[in-house]
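All letters in the sequence shown, in the order written, are residues 32 to 299 by the working numbering.
Ideal placement from N, C-alpha and C gives every residue a C-beta, glycine not left out.
Every value quoted in this text rests on a predicted model; they were computed, and no experiment measured them.
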Amino acid sequence: MLVLDKVSRRFGDKRAVSDVSLQIEPGSFVGVIGRSGAGKSTLLRMINRLLDISSGSMSWNGRDVASLRGAELRAWRMRCAMVFQQFNIVGRLDVMTNVLMGRLNHTSQARSLLKLWSAEDKAIALSALEMFDMTALAAQRAEQLSGGQQQRVAIARALVQEPEIILADEPIASLDPRNTKLVMDSLLRLNRHFGITVICNLHDLDIAKEYCTRLIGMADGRIVFDDVPEALDEHAARELYGLEAHEAMAGLPPAMIGGGLVPAHAAA
32 MLVLDKVSRR
42 FGDKRAVSDV
52 SLQIEPGSFV
62 GVIGRSGAGK
72 STLLRMINRL
82 LDISSGSMSW
92 NGRDVASLRG
102 AELRAWRMRC
112 AMVFQQFNIV
122 GRLDVMTNVL
132 MGRLNHTSQA
142 RSLLKLWSAE
152 DKAIALSALE
162 MFDMTALAAQ
172 RAEQLSGGQQ
182 QRVAIARALV
192 QEPEIILADE
202 PIASLDPRNT
212 KLVMDSLLRL
222 NRHFGITVIC
232 NLHDLDIAKE
242 YCTRLIGMAD
252 GRIVFDDVPE
262 ALDEHAAREL
272 YGLEAHEAMA
282 GLPPAMIGGG
292 LVPAHAAA
């Protein structure tokens, strides 16, 4: 279990995240929602330890991860893989090599620099590419792929790390509807097939409701909603999105709209 207790992050005088307390059960698929600047990305980067917390505590299965350094910190980042909005893959390298980069913590630095990947590493990488229907593109330069394909390469790279948690920071923000579905289906498959905990920052409430079993809503660095998607009503949406509430909820299913969460004309 991932436990955050009154976690905060300050940048100078500004609190990007303020007194966040959470418990994330293993194997869950959690959506973090809210406006830009609400603290969603900062929260995920603190969990991965790309950012240090300013105050509070954080643990995974009872072990303090907020104070890890050196090799222990690298090991935590291997178990807690990150998928970024802008993919963060190397365009000039082929797809296979990009995926193999996820095996860096499983091999020696000298072997990885010389690209002397083991047969086991290559088999694991090919298996991940096959899962996402990308095997035929293994030898292609990553920069030649579409945005959705690049994001699936990034997810495959995260998978071969053999993580216990995948943190996805706006993974579909720059994708069209078809690639949005492919990427979200990929994350859902990792969650259900491997039991990997997925924590995913999302803007689209319709997507969040379709894929996530729990929604955490943030506003001004604080948690203002934490419940199942069906519990997200118009009041909670207004607290999350302000005047954007109707627009944010316009994509929700008619059953939710008909329940009085938002006037029918707002969804038209």
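Exercise. So, is P57 buried or exposed, given that buried needs 16 or more other C-beta atoms within 10 angstroms?
Worked result: For this step, residue 57 is matched to residue 26 along the sequence shown. P57 comes out exposed.
Exercise. Are R46 and S52 close, meaning C-beta to C-beta below 8 Å?
Worked result: The residue given as residue 46 occupies position 15 in the sequence shown. The residue given as residue 52 occupies position 21 in the sequence shown. In this structure, S52 does not lie closer than 8 Å to R46 by Cβ.
Exercise. Which whole-angstrom value is the C-beta distance of F60 and L263, which I expect to be below 8 Å?
Worked result: Your numbering for residue 60 matches position 29 in the sequence shown. Your numbering for residue 263 matches position 232 in the sequence shown. That pair is no contact at about 16 Å.
For this session: Let me know the secondary structure DSSP gives T128 once reduced to three states.
Result: What you label residue 128 is simply residue 97 of the sequence shown in a count that begins at 1. Residue state for T128 is assigned as helix, using DSSP reduced to three classes.
Exercise. What does DSSP give as the partner residues of T166 in its beta bridges?
Worked result: Residue 166 sits at position 135 when you count from the first residue of the sequence shown. Paired residues: none, contrary to the question.
Problem set entry | Those residues which DSSP pairs with A250 across a bridge | Start at 1 with the first residue of the sequence shown, and residue 250 comes out as number 219. R253.
Exercise. Going by C-alpha distance, which of N222, L233, I197, T228 is nearest T211?
Worked result: Your numbering for residue 211 matches position 180 in the sequence shown. When each option's Cα is compared against that of T211, the closest is L233.
Problem set entry | Residues bridged to M113 [DSSP beta-bridge criterion] | Here the question's residue 113 lines up with position 82 in the sequence shown. In DSSP, M113 forms a bridge with L198.
Exercise. Are V214 and L221 close, meaning C-beta to C-beta below 8 Å?
Worked result: Position 183 of the sequence shown, counted from the first residue, corresponds to residue 214. Position 190 of the sequence shown, counted from the first residue, corresponds to residue 221. No, they are not a contact pair.
Exercise. Any idea which residues DSSP pairs N119 with across the strands?
Worked result: The residue given as residue 119 occupies position 88 in the sequence shown. Its beta-bridge partners do not exist; DSSP assigns none.
Exercise. Rounded to the nearest angstrom, how far is the Cβ of Q54 from that of M32, given a contact under 8 Å?
Worked result: Here residue 54 refers to the residue found at position 23 of the sequence shown. Here residue 32 refers to the residue found at position 1 of the sequence shown. 6 Å between Cβ atoms; contact.
Problem set entry | Close Cβ partners of G133 (< 6 Å) along its chain, the five nearest in sequence each way excluded | To locate residue 133, count along the sequence shown from 1; it is residue 102. Excluding positions up to five away in sequence, the list reads R188, V191, Q192.
Exercise. For R40, which of helix, strand or coil comes out of DSSP?
Worked result: Taking the first residue of the sequence shown as position 1, residue 40 is located at position 9. Strand, per DSSP.
Problem set entry | Opposing strand residues paired with D258 [DSSP bridges] | Taking the sequence shown and counting its residues from 1, the one referred to as residue 258 is at position 227. BP columns for D258 point to L246.
Exercise. How far does the beta strand (DSSP E) with A47 in it reach, from first residue to last?
Worked result: Counting from 1 along the sequence shown, the entry for residue 47 is found at position 16. Here the beta strand (DSSP E) through A47 covers 45–55.
Exercise. By how many angstroms is the C-alpha of M109 removed from the C-alpha of F225?
Worked result: Counting from one through the sequence shown, the residue named residue 225 turns up at place 194. Counting from one through the sequence shown, the residue named residue 109 turns up at place 78. Our two residues, F225 and M109, have alpha carbons roughly 16 Å apart in a direct line.
Exercise. S158 by DSSP, collapsed to three states: which one?
Worked result: Along the sequence shown, read from residue 1 onward, the residue named residue 158 stands at position 127. The answer is helix: DSSP assigns S158 an H, G or I state.
Exercise. Considering only residues of the same chain and omitting the five flanking positions on each side of V121, which have a CB-CB separation below 8 Å?
Worked result: Sequence index remark: in the sequence shown, residue 121 carries index 90 (1-based). Answer for V121: T128, N129, M132, A173, listed in chain order.
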